[in-house]
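J.:
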Amino acid sequence: MSAQHPEVDLTATNAPRPTERGWHPDPSAPGTERFYDGTRWTGETRDASPRPLRGGGVPVGVGIAFAFTACICAVIGAITSAQGYDGARDAAGWFVFAGIAGTVATINVLFGVYRIAEQVNATYLRGQ
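In the working numbering, the protein residues as written are 16 to 143.
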């Protein structure tokens, strides 16, 4: 939430001038941010509470990965079950199915770990 406050002359407080236009910590009011328009501080302020990097919810890539996994498992299951189960001869087909499903699941887990590490890294860098 942003609020309009009267323009404040931060040059009198020896406030550092950022080089980039945007929201920066307000040197005259701890716990708030003030908008710098590229040439001067404006009167617009907001609470400096941490903000999420992205919208909430599950990333689209995770949903796509799970949908892809479900489709692969369904196709393999349909192919192997259409042939029927006939003892040891068909056990090899189930081992192939389990191997492929395990590989896809492992890729999904690795993708998830990568995304978590990416979020943690971004959060850590934002805090500095």
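In this text, a Cβ means the ideal position worked out from N, Cα and C, and glycines have one as well. For clarity, every value in this text was computed on a predicted model and none was experimentally measured.
Below 8 Å between beta carbons: does that hold for I87 and I122?
T.: No, these two residues do not count as a Cβ contact at 8 Å.
J.: Cβ of T84 within 8 Å of Cβ of A120?
T.: Yes, the Cβ-Cβ distance between T84 and A120 is below 8 Å.
J.: As a quick exercise: from A44, H39, G46, P45, pick the residue whose alpha carbon is nearest that of G53.
T.: Selected option, being the one with the closest Cα: H39.
J.: Tell me, which residues are paired with Y51 by DSSP?
T.: BP columns for Y51 point to G37, W56.
J.: CA-CA distance, F110 and E133?
T.: About 34 Å.
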